[in-house]
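Written below as structure tokens is the structure these notes are about.
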Amino acid sequence: MSPLTPRETMVSISKCNIVYKSGWCAQAHQQAIIFGYASDLFVSSALIDMYAKCRELRDARNMFDEIPHRNVVSWTSMINGYVQNDCAREALLLFKEHVQGEIAEYDAVTLSAVLLACAHAGAVRIGKGIHVQVMKMSLESDVFVGTSIINMYCKCGRVSLARRAFDRMNFKNVKTWSAMIAGYGMHGQAREALEILAEMIRHGVKPNSISFVSVLSACCHAGLVDEGWHWFCTMQHRFKIEPTIEHYGCMVDLLGRAGFLKKAYGLVLDMNVRPDFVIWCSLLASGRIHRNIEIAEISARKLFELDPNNSGYYTLLSNIYADAGRWDDVKRIRIDMRKHGIAKSPGFSIIELKGRVHVFLVGDRQHPEHEKIYAYLKELATKLQEIGYVPSVSSVLHDVDEEEKEIALQIHSEKLAVVFGLMSSIPGTTIQVTKNIRTCEDCHTMFKLITKIKDHDIVIRDPKRFHLFSKGVCSCGDYW
Numbered sequence: 001m002s003p004l005t006p007r008e009t010m011v012s013i014s015k016c017n018i019v020y021k022s023g024w025c026a027q028a029h030q031q032a033i034i035f036g037y038a039s040d041l042f043v044s045s046a047l048i049d050m051y052a053k054c055r056e057l058r059d060a061r062n063m064f065d066e067i068p069h070r071n072v073v074s075w076t077s078m079i080n081g082y083v084q085n086d087c088a089r090e091a092l093l094l095f096k097e098h099v100q101g102e103i104a105e106y107d108a109v110t111l112s113a114v115l116l117a118c119a120h121a122g123a124v125r126i127g128k129g130i131h132v133q134v135m136k137m138s139l140e141s142d143v144f145v146g147t148s149i150i151n152m153y154c155k156c157g158r159v160s161l162a163r164r165a166f167d168r169m170n171f172k173n174v175k176t177w178s179a180m181i182a183g184y185g186m187h188g189q190a191r192e193a194l195e196i197l198a199e200m201i202r203h204g205v206k207p208n209s210i211s212f213v214s215v216l217s218a219c220c221h222a223g224l225v226d227e228g229w230h231w232f233c234t235m236q237h238r239f240k241i242e243p244t245i246e247h248y249g250c251m252v253d254l255l256g257r258a259g260f261l262k263k264a265y266g267l268v269l270d271m272n273v274r275p276d277f278v279i280w281c282s283l284l285a286s287g288r289i290h291r292n293i294e295i296a297e298i299s300a301r302k303l304f305e306l307d308p309n310n311s312g313y314y315t316l317l318s319n320i321y322a323d324a325g326r327w328d329d330v331k332r333i334r335i336d337m338r339k340h341g342i343a344k345s346p347g348f349s350i351i352e353l354k355g356r357v358h359v360f361l362v363g364d365r366q367h368p369e370h371e372k373i374y375a376y377l378k379e380l381a382t383k384l385q386e387i388g389y390v391p392s393v394s395s396v397l398h399d400v401d402e403e404e405k406e407i408a409l410q411i412h413s414e415k416l417a418v419v420f421g422l423m424s425s426i427p428g429t430t431i432q433v434t435k436n437i438r439t440c441e442d443c444h445t446m447f448k449l450i451t452k453i454k455d456h457d458i459v460i461r462d463p464k465r466f467h468l469f470s471k472g473v474c475s476c477g478d479y480w
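Residue numbers for the sequence shown, in full-length UniProt numbering: 1 to 480.
What follows is the structure, given as structure tokens:
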């Protein structure tokens, strides 16, 4: 057998990356060892990338740790690997370890990876520090890095800073424009998103499929049905872009949430692609908003087929039945969940303060300052009631009495996180919380009132969008 060159070895490794088959990873790694190339920095970096893309993160880290003298490619490959596997915190810790070393090398690709980690983690303070470093290295005009900065600020709830970075860029490609459109969209600023789209077209940059996903998502967040339908049709007829499952998902969500459930369901039936769980989940959520049990049940049945172990669908359907007072059906859903061994996924909220991450669960009493948090929350609730706050017990869809419902509302994870932020921050600062599920009506009302009596803005980031509460109003316009 004739030995392979390092380049041929890397080609072999890249094939594993393309097909993402972990069974091939060990073979490719063994091949590199046999021919004596495992210690080659570029080959070892390719092996790290291969393992990460095959979701073999432990093997990727072991490979990284075995490299005696790492270069910028090695560090970037491992940081990227963490980001690709939704381990943003680990990526940031690794970058911190790198910059604290004796010789820290990083380039545009490294910084873009770290900015993406900041975006995923909501770590705006670290992101700002990276932005400063980008400016020192004169990389702000680099379209790849510049777009990463825009994306980071948008996903950290600082859309105005994203726009400032966007305006400073001399050259913008379609990804840059799309990132700014998406940023405005997720913050509920659909009109601004549409203005960016119009400006993009005037500058001769042709929107692509991803651009229109951002546009339709922006329309969805603001309930702009006519505008959304216009661009959905324009995308196909003027720009010759065939709708994908993502475009249909936006349109079904837009129509359903706006109350056009029959039209949304009709669109699902007429789609030229097979509906996925996102489509049916959008219909299920719309069924709950508009109390359409028929549509909700149709959607739930499809979801149980596609993703039978996801507790969220069972919980949502159970809440729909509870909202309608159909307690026998609520009981049936709970029995089905127990029968199939499905446990309800816990809601949690995350807040970063002074470089430390604090995680709160519903009714959390594990935090070292939980006694102070609950005392502060009780005192705050009293002050809010004086200016008109009334707990929205409809947010607690269980067959319990009113007093128990009010107690249940007080222990929502985002309330605990926000209160801890208020206790620990100086006036004038923005409290930013990331949570894993949609915020409820009661928390939404409470946060608006908090910003009336406290010198703080509050940003809540859920899986779909941002809510910026300031001076008693929310950026979503109470449409979410």
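For every residue, glycine included, the Cβ atom is placed at its ideal position computed from N, Cα and C.
Inset, instruction - Just tell me which of Asp86, His221, Leu194 and Val225 has its CA closest to the CA of serine 211. - result: Leu194
Legend entry - Extent of the continuous alpha helix (DSSP H) to which aspartate 107 belongs: Run containing aspartate 107: none; DSSP gives neither H nor E here.
Legend entry - Run of the alpha helix (DSSP H) containing histidine 230, from where it starts to where it stops: 225-237
Legend entry - Whole runs of the beta strand (DSSP E) within the segment 414-469, excluding any shorter than 3 residues: 430-435 and 457-461
Legend entry - Inter-residue spacing [alpha-carbon to alpha-carbon] between threonine 430 and histidine 340: 43 Å
Inset, instruction - Measure the C-alpha to C-alpha separation of glutamate 402 and histidine 456 and round it to an integer number of angstroms. - result: Low confidence applies to glutamate 402: its pLDDT is 43, below 50, so where it sits in the model is not reliable, and the reading given next is rough at best. About 31 Å.
Inset, instruction - Determine, using beta carbons only, whether lysine 471 and threonine 445 come nearer to each other than 8 Å. - result: no
Inset, instruction - Check whether the segment 85-92 touches the segment 48-62, taking contact to mean three or more Cβ pairs, one atom from each stretch, closer than 8 Å. - result: yes
Legend entry - Start-to-end residues for the beta strand (DSSP E) that takes in serine 286: Premise fails: serine 286 lies in the alpha helix (DSSP H), 277-289, not in any beta strand (DSSP E).
Inset, instruction - Per DSSP, which residues does cysteine 474 bridge with? Please list them. - result: Phe469
Legend entry - Close-in-space but distant-in-sequence residues of the same chain around isoleucine 387 (CB under 8 Å, 5 per side omitted): Leu449, Lys452 and Ile453
Legend entry - Reference lysine 354, options Leu94, Ala108, Val72 and Ala123, closest by Cα: Ala123
Inset, instruction - Check the C-beta distance from phenylalanine 144 over to alanine 108 and give it rounded, since I have them as a contact under 8 Å. - result: 6 Å
Legend entry - Residues near isoleucine 130 in its chain [Cβ-Cβ closer than 7 Å; skip 5 each side]: Leu111, Val114, Leu115 and Cys118
Legend entry - Cβ distance (whole Å) where tyrosine 314 is taken to contact isoleucine 289 below 8 Å: With 8 Å as the limit, tyrosine 314 and isoleucine 289 do not qualify as a contact, their Cβ atoms being about 18 Å apart.
Legend entry - Environment of histidine 120 [buried if 16+ CB atoms lie within 10 Å]: buried
Inset, instruction - Please report how far the alpha carbon of valine 459 lies from the alpha carbon of leucine 41, in whole angstroms. - result: 43 Å
Legend entry - Beta-carbon separation (whole angstroms), isoleucine 350 vs valine 359, contact threshold 8 Å: 5 Å
Legend entry - Assigned secondary structure, isoleucine 351 (DSSP; H/G/I helix, E/B strand, else coil): strand
Inset, instruction - Could you pull out every residue in the same chain whose Cβ sits closer than 7 Å to the Cβ of arginine 168, ignoring the five residues on either side in sequence? - result: Glu140
Legend entry - Spatial distance of residue 484 from leucine 380 (CA atoms): Outside the shown range of the chain (1 to 480) lies residue 484, about which nothing can therefore be said.
Inset, instruction - Go to phenylalanine 260, then tell me how far its beta strand (DSSP E) extends in each direction, as first and last residue. - result: Unbroken run through phenylalanine 260: none, as it is neither H nor E.
Legend entry - As assigned by DSSP and simplified to three states, the class of histidine 358: strand
Legend entry - Option in Asp328, Ala218, Leu416 and Met135 with minimal Cα separation from glutamine 366: Leu416
Legend entry - 6 Å Cβ shell around isoleucine 320 - same chain, five flanking residues per side excluded: Arg288 and Ala296
Legend entry - threonine 176, enclosing alpha helix (DSSP H) - first and last residue: 174-186
Legend entry - As assigned by DSSP and simplified to three states, the class of phenylalanine 304: helix
Inset, instruction - Write down the C-beta distance between methionine 78 and phenylalanine 64 rounded to the nearest angstrom, noting that I regard them as a contact closer than 8 Å. - result: 4 Å
Inset, instruction - Return the residue from the list Asn272, Arg356, Thr382 and Leu254 that minimises the CA-CA distance to leucine 284. - result: Leu254
Inset, instruction - For tyrosine 106, count neighbouring C-beta atoms within 10 Å of its own C-beta (all shown protein chains included) and say buried if the count is 16 or more, exposed if not. - result: buried
Legend entry - Spatial distance of glycine 157 from cysteine 476 (CA atoms): 13 Å
Legend entry - Proximity below 8 Å, CB of cysteine 250 to CB of valine 213: yes
Legend entry - Rounded separation between proline 368 and phenylalanine 348 - CA only: 17 Å
Legend entry - Three-state secondary structure assigned by DSSP to aspartate 86: coil
Legend entry - Endpoints, alpha helix (DSSP H) assigned at isoleucine 335: 327-339
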